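Chains as they are written, first to last, in the working numbering: chain V, 37 to 435; chain B, 52 to 209; chain L, 1206 to 1589. Beta carbons: idealized from backbone N, C-alpha and C, even for Gly. In this text, all values refer to a predicted model and were calculated from it rather than measured experimentally.
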Amino acid sequence: MSNRVAIVGTFQSGCEREKRGRHITELVYETVSGLMKKLGMEMSQVDNIVSCSQDFLDGRTISNRTIPEAEGAYLKSEAKLAGDGSQAVFYGMIRILSGKYQNCLVLAHAKMSEGSQNVIANAMFDPIYQRALGLDEIIAAALQARAYMTRYKITPEQTAEAAAKALTSAARNKNVFRGKKISAKQVLASKMLSSPIHELEAFMPADGACALMLASEQQAFKWTKSPVWIAGAGSAIEQYYLGDRDLSSAAALKEAAKRAYKMAGIRHPEKEIDLVELSNYFSFQELMYPEALGLCAPGKGAALLASGKTMADGKLPVNPSGGVLGGNPLCVSGLTRVIEAADQINGEAGNIQVKKPVKIALAQGSYGPAGQSQCVLVLSGDAKVKAKVNSPVRKKGKK
Amino acid sequence: MGEQEKTGVELLDISSPANFPYDYSCGKIGSFFFKALRDQQKFYGRKCSECGKVYIPPRPVCGPCYAPTNEWVEVGPQGVLECFTVVHFSFLDPMTGKKRPVPYGYGLIKLDRADSRIQHFLSESDASRLKVGMRMEAVFNEEREGKLSDIKWFKPVE
Amino acid sequence: MARKAAIIAAGQTYHKSKRRDVNIVELIHEAVKACLEDAQMGPKDIDAVLIGNMEHFEGVYNPDLWAVDATGALMKHALKITTGGTTGASVAHAGYYHVASGLFDCVLCIGWEKQSDGDTTAGLIFQSDPLFERSNMAGAIGTFALAASEYMDRFGISEEQAAKVAVKNRGNAVNNPYAHLRRPVTVQDVLTSPPLAHPIKLLDMCPTSDGACAIIVASEEVARKKSPNKPAWFKALATRHDQPFNSDLPLLINMRTLQSAAKEAYKQAGITNPRKQFDVAEFYEPCTFAELSWYEALGFCELGGGGKLIDSGVTEMTGELPVNPSGGVISTNCIGATAMIRVAEAALQVMGKAGARQVDGVKTALATGFGGSFWTEITILEGN
Chain V
37 MSNRVAIVGT
47 FQSGCEREKR
57 GRHITELVYE
67 TVSGLMKKLG
77 MEMSQVDNIV
87 SCSQDFLDGR
97 TISNRTIPEA
107 EGAYLKSEAK
117 LAGDGSQAVF
127 YGMIRILSGK
137 YQNCLVLAHA
147 KMSEGSQNVI
157 ANAMFDPIYQ
167 RALGLDEIIA
177 AALQARAYMT
187 RYKITPEQTA
197 EAAAKALTSA
207 ARNKNVFRGK
217 KISAKQVLAS
227 KMLSSPIHEL
237 EAFMPADGAC
247 ALMLASEQQA
257 FKWTKSPVWI
267 AGAGSAIEQY
277 YLGDRDLSSA
287 AALKEAAKRA
297 YKMAGIRHPE
307 KEIDLVELSN
317 YFSFQELMYP
327 EALGLCAPGK
337 GAALLASGKT
347 MADGKLPVNP
357 SGGVLGGNPL
367 CVSGLTRVIE
377 AADQINGEAG
387 NIQVKKPVKI
397 ALAQGSYGPA
407 GQSQCVLVLS
417 GDAKVKAKVN
427 SPVRKKGKK
Chain B
52 MGEQEKTGVE
62 LLDISSPANF
72 PYDYSCGKIG
82 SFFFKALRDQ
92 QKFYGRKCSE
102 CGKVYIPPRP
112 VCGPCYAPTN
122 EWVEVGPQGV
132 LECFTVVHFS
142 FLDPMTGKKR
152 PVPYGYGLIK
162 LDRADSRIQH
172 FLSESDASRL
182 KVGMRMEAVF
192 NEEREGKLSD
202 IKWFKPVE
Chain L
1206 MARKAAIIAA
1216 GQTYHKSKRR
1226 DVNIVELIHE
1236 AVKACLEDAQ
1246 MGPKDIDAVL
1256 IGNMEHFEGV
1266 YNPDLWAVDA
1276 TGALMKHALK
1286 ITTGGTTGAS
1296 VAHAGYYHVA
1306 SGLFDCVLCI
1316 GWEKQSDGDT
1326 TAGLIFQSDP
1336 LFERSNMAGA
1346 IGTFALAASE
1356 YMDRFGISEE
1366 QAAKVAVKNR
1376 GNAVNNPYAH
1386 LRRPVTVQDV
1396 LTSPPLAHPI
1406 KLLDMCPTSD
1416 GACAIIVASE
1426 EVARKKSPNK
1436 PAWFKALATR
1446 HDQPFNSDLP
1456 LLINMRTLQS
1466 AAKEAYKQAG
1476 ITNPRKQFDV
1486 AEFYEPCTFA
1496 ELSWYEALGF
1506 CELGGGGKLI
1516 DSGVTEMTGE
1526 LPVNPSGGVI
1536 STNCIGATAM
1546 IRVAEAALQV
1556 MGKAGARQVD
1566 GVKTALATGF
1576 GGSFWTEITI
1586 LEGN
C-alpha cells in the first residue's frame, strides 16, 4: 500500500497561438508517446489515466471521446477531470494512494483556437442572473484586480511590471509563444481590455498539450533515478457570485495552500520553498497570489516583486517559465506549472533552469471566474520530505 | 396538470439562443482523407504499423497496439452493409440548423480492404429492401468540399 | 482493495420530464439535501464534493462552479469529473478513490442533469466526432438501431424479446416513487409504439428526465461509527473508456468494454458465477436490446442467449437474479445522474432501504454504467 506518490517523467508538446494543422488526436498522441519514449515505458505498463480537457473548449460533448486511442486508454481505466490540469495531478495521486493503481498517466489538452472564446467564457456565467451581462474571464478578473489594487493601493505600473517580468522570462521558454523582452511602459501602452487590465497583462487563447507520469513509492525508482515527490496537495473553492466574494484576497488559494503545507509539513513557506510556478492568467495575480501563499504579507506582493527576490536569479524565483502569460491554454496551464516545477527540481528545465538548487517547489493552478477554484501542490526532490497522507484533510473548526 | 396550475405560481424561463461556433482542425490525417474524397472520389484507410489493421475513420494511432499508423491504403468504394436502420424521428440537425427530413436509411459499411466500418446515409429507406450482408457502393455529390457530406449516400450494388 | 470505503447514504430527486419549478442548482440541492438527511449529517461532516453532468445539455460551462452553495462545497476540495453517460459512476468511483486514499473521510458525490433546459438530441449529436460522424449521426437512437440490427441478425433475437425488457422494467418502476415513467406497458404496447429508427420503437427507448442523485462515500471509521444505514461496501470497480468511434466494432455483440470491465471486476470481487453470486443488478440500459446484450457480456448467459434469458424469467423481480428493480433507464434517464442512480439503487438494495422495490436478502449487488462510444463502468457493492 502506497503512502507517497512521485512524478517520474514529464513531457511538453509546447504551446502555440494556433496549431491549425494538428487534429487533437495527433497532438495528444505526440505528447503521450513522447512521454512514454522518454520514460522507456510501454503503454501496457500504464495502470490508469487521468485526462484533463473541457467539453466547451473542444466543442465536443464528452471531450475525452476524441482521445481514447491517442492517450493509450485501450483496456484501461480512464477518467476525465474537467477543470485544471493541476487538479488532474491531485486526482491521479489520489487514485494511486487508494491502492488500486501503481502508476497514473496524467495529461491535459486544449485547442482554444477552434472555439469562440468570448462565447465560451460567457457560458460559464449562469444564464439566469449573469450571462446577459456579457461577463467573461477577463471582466471577472478585472473586477478582482480593481478590488485588490484599491485595497492595497497598487498602481497600474506595478501590475505592468509583473507582466513585463513574465513576458521577458517567457522569451527564454521554448515551450511558449508569447515571450519577448518588454518594459512595464510598453505593457501599459497595449490595448485596454477591461480596466484596469491591459492586453499584455491578460492570458491569450492558445493550443497545446502536456503530460506527466505519476508512480507509487514502490514503482517510482523503476522509471527514474530522481523522482519528484508530491509532498503536499490541497484544493478549495470560493463562492460563485463575484458579489459574494471578497475579491481583494484569494481566500480559496490561501485555504488550498494551508492544506498542502500541512500535508508537506511546511511551516514557513517564505523560507522553505525554493521556487514557485503559479498560474498568472492575469499579471496582477503574480502580485496577489504570493500573499495568499504566505510568501509575503498581505498587500506586499508588489514590494516582493520590486525587491528582485522573485526573479529567476533571486532567492525565491517565481515563474522562471513566464507562467501562463507566456502562452498556455486553459486545462494545460496548471499541468504545465507542475511540469515546470518538477523539471526545475531535477535540473531539467534547459534554458530557463534557475541556478540555485531547488529542493522544494510549489505549483499552483486555478479555474473559474477570478480564480474561484484553486489547487496547490508542493513538490519535493528530497525523499525525506514526506507527505503526511494518513491524516485526513478535514480538521475541526473548518467552515 | 402543469406546475403553474398546481402551485398557482407563475414560472418564468430565460431563453438563451446559444450559438457556439467551432472550427475543428482536420490535422494532417483528416486533411488527406477529406481531400481524397473531394479531389479523387476515393476512400483511404490508415494502416497500423504493427498489426496491419486498416482503420477508417483514419487516425494517427492504433488503440490496441499503441503504435503509429503509417500507411494509406485505398479502400472501397464498395463494401458490405454490416448493419442498418431506417430513421423515422425528425430532429434539429445542428449542421444545417433545420429539422432533418425523415424517413431515411442509415448504416455501417465495411469498405473492401478496411477493418473497421464507416457510418453514412443509405439511398434505400424501405427496411424490407435492406439486408445485413448486402454489397453497397458510395455515391459522391457533384459539388464536393472536403467533408463527410461529399458522399451523398451508399446505394446497393446492382 | 487497499482501504475500505462504503456508501452510507443516498438521495435523489423525484425524476420528471420537466422541472420548471427549480433552476439547475436548486435541482442539485434537492438531491444533496435528501442525501444528507438520509445520512443524518450536515455539510460540516463532508470533506469533499465531487460532481458531474454533461455540460452541453444545459449549455452551462462549469456548472459545478455555480453549484458551490447548493452542494455545500464552499471552501472544500471540489472536483468535477465528466465522462458522458458514465459520469455518475465515474463520480461515484472518484468518491471511492478519495476515501480509500486516506486523505478524505466523508465524500459527497453528485450526478445530475436538467435535460429539459436544452435540446437532448442536439446535445447528443454534439457528442459525435465533428469530422467523421456529426453530419450523419441520428443521436443515441440511431446508434442503438444500427447495433440492434446487427445483434438481431447474428443471434436471431426478436423484437418481442426486446419488448419484454420494457415490460419488466416499466412494471418494476411502479414500485419506485422516484422513477420518471411509472405506467406499466405490455409487449403489444411496445411493438405497436411509433417507430423511431428500425428496429427501435418509442417504448424500446429511454425517456429524457430532469433529475439529480447524490451518495456519500465514507471511510470504515465513519461508516461504522456514524452511519445510520447499513454500509454498502465497495467490493470492486472497473472502467473502460476506450473506444472513440461507434462504428469500429459491433456494439451489442459481446460488447467489448463491458466484457473487459466485467472480467476485471469479477476477478477483484471473486465472482466466478455471476448468476449465483449476484443477488441483484442495476443496469444502465438506454434501450431494450441493450439489456439483452449485456446479460451475455456480463456472463449471465451464453453469447447470443440474452433473448432466451428474458424469456426464462430469471431477471424478473421473482427470478433468480432480478435486474433493474428500480425500473432502470427505460423508466428514468437524467443522463449525468443515471449512472449514479444505478450505484445508489444497488446501495439501497444492500442497505435494505429499497422499499417496495426491495429484493430480499441482498448481499452482493452489481451496477453498470454506460455512455459515450459504448463505454462501461462497473461497480460491485457488498453488505456485511
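For V/N84, DSSP records a beta bridge to V/S113. In the DSSP annotation of this structure, the continuous segment of the alpha helix (DSSP H) that includes V/V68 starts and ends at 60–75.
For L/G1541, same chain residues with a beta-carbon under 7 Å away, outside a window of 5 residues either side, are G1257, N1258, M1259, T1292, G1293, G1316, W1317, E1318 in chain order. V/A288 and L/L1279 have their alpha carbons spaced roughly 9 Å apart. Here the alpha carbons of L/I1213 and L/V1567 stand approximately 16 Å from one another. As DSSP reads the structure, B/C99 sits in a beta bridge with B/T120.
For the segment 73–105 of chain B, the residues whose beta carbon sits under 9 Å from a beta carbon of chain V are, in order, Y73, D74, Y75, S76, C77, G78, K79, I80, G81, S82. Taking B/V105 as reference, the option from B/V153, B/G127, B/E61, B/M187 with the minimal CA-CA separation is B/G127.
Among the residues of chain B, none has a CB under 9 Å from the CB of V/M228; the nearest is roughly 26 Å distant. The alpha-carbon separation between V/A159 and L/F1483 amounts to approximately 44 Å. In this structure, the alpha-carbon of V/I396 lies about 20 Å from that of V/L340. With a cutoff of 8 Å on beta-carbon distance, B/L132 and B/L181 are scored as near each other.
Look at the beta carbons and you see the segment 1444–1461 of chain L touching the segment 1337–1356 of chain L: at least three pairs across the two are nearer than 8 Å.
Per the C-alpha coordinates, the member of B/G184, B/R164, B/R186, B/P207 positioned closest to B/K93 is B/R164. Shortest Cα-Cα distance from V/V86 to any of V/G76, V/T191, V/H145, V/R295 involves V/H145.
The beta-bridge partner set that DSSP reports for L/D1415 consists of L/K1221, L/K1319. Non-local C-beta neighbours of V/A348 in its own chain, meaning closer than 6 Å and more than five positions away in sequence, comprise P356, V390, ordered along the chain.
Annotation: the continuous alpha helix (DSSP H) that includes L/K1431 extends over 1425–1431. Close to chain V, meaning a Cβ-Cβ distance shorter than 8 Å, are the following residues of the segment 109–135 of chain B: R110, P111, V112, C113, G114, P115, Y117, P119. A distance of 8 Å or more separates the beta carbons of L/A1283 and L/V1237. If you look at L/E1582, you'll find it in the beta strand (DSSP E) that goes 1580–1587.
In the DSSP annotation of this structure, the continuous segment of the alpha helix (DSSP H) that includes L/I1540 starts and ends at 1540–1556. Per the coordinates, the alpha-carbon of B/Q129 lies some 6 Å from the alpha-carbon of B/M187. Secondary structure within the segment 1443–1527 of chain L: the beta strand (DSSP E) runs of 3 or more consecutive residues, fully enclosed, are 1485–1487 (chain order). Our two residues, V/I273 and B/P109, have alpha carbons roughly 41 Å apart in a direct line.
Within the segment 1380–1413 of chain L, P1399, P1400, L1401, A1402, H1403, P1404, I1405 place their CB atoms closer than 8 Å to a CB of chain B, listed in sequence order. A direct Cα-to-Cα measurement between L/A1297 and L/V1548 gives close to 8 Å.
The three-state reading of DSSP puts V/Y165 in coil, since its state is none of H, G, I, E or B.
Comparing C-alpha distances from B/I169 to each of B/P145, B/A118, B/N192, B/F205 shows the shortest one belongs to B/F205. Rounded to the nearest whole angstrom, the CA to CA distance from V/E54 to L/C1314 is 37 Å. One finds P163, I164 in chain V with Cβ atoms closer than 7 Å to the Cβ of B/I65, taken in chain order. The residues A1210, V1422, F1439, L1442, in chain order, have a CB closer than 7 Å to that of L/Y1301 in the same chain once the five nearest residues on each side in sequence are set aside. Under the Cβ criterion of 8 Å, V/T67 is not counted among the residues facing chain L.
CA-CA distance, V/G330 to V/K217, rounds to 29 Å. Against chain V, the CB of L/D1447 has a partner CB under 8 Å away; the residue lies at that interface. V/L93: not part of any beta strand (DSSP E); member of the alpha helix (DSSP H) spanning 91–94, first to last residue.
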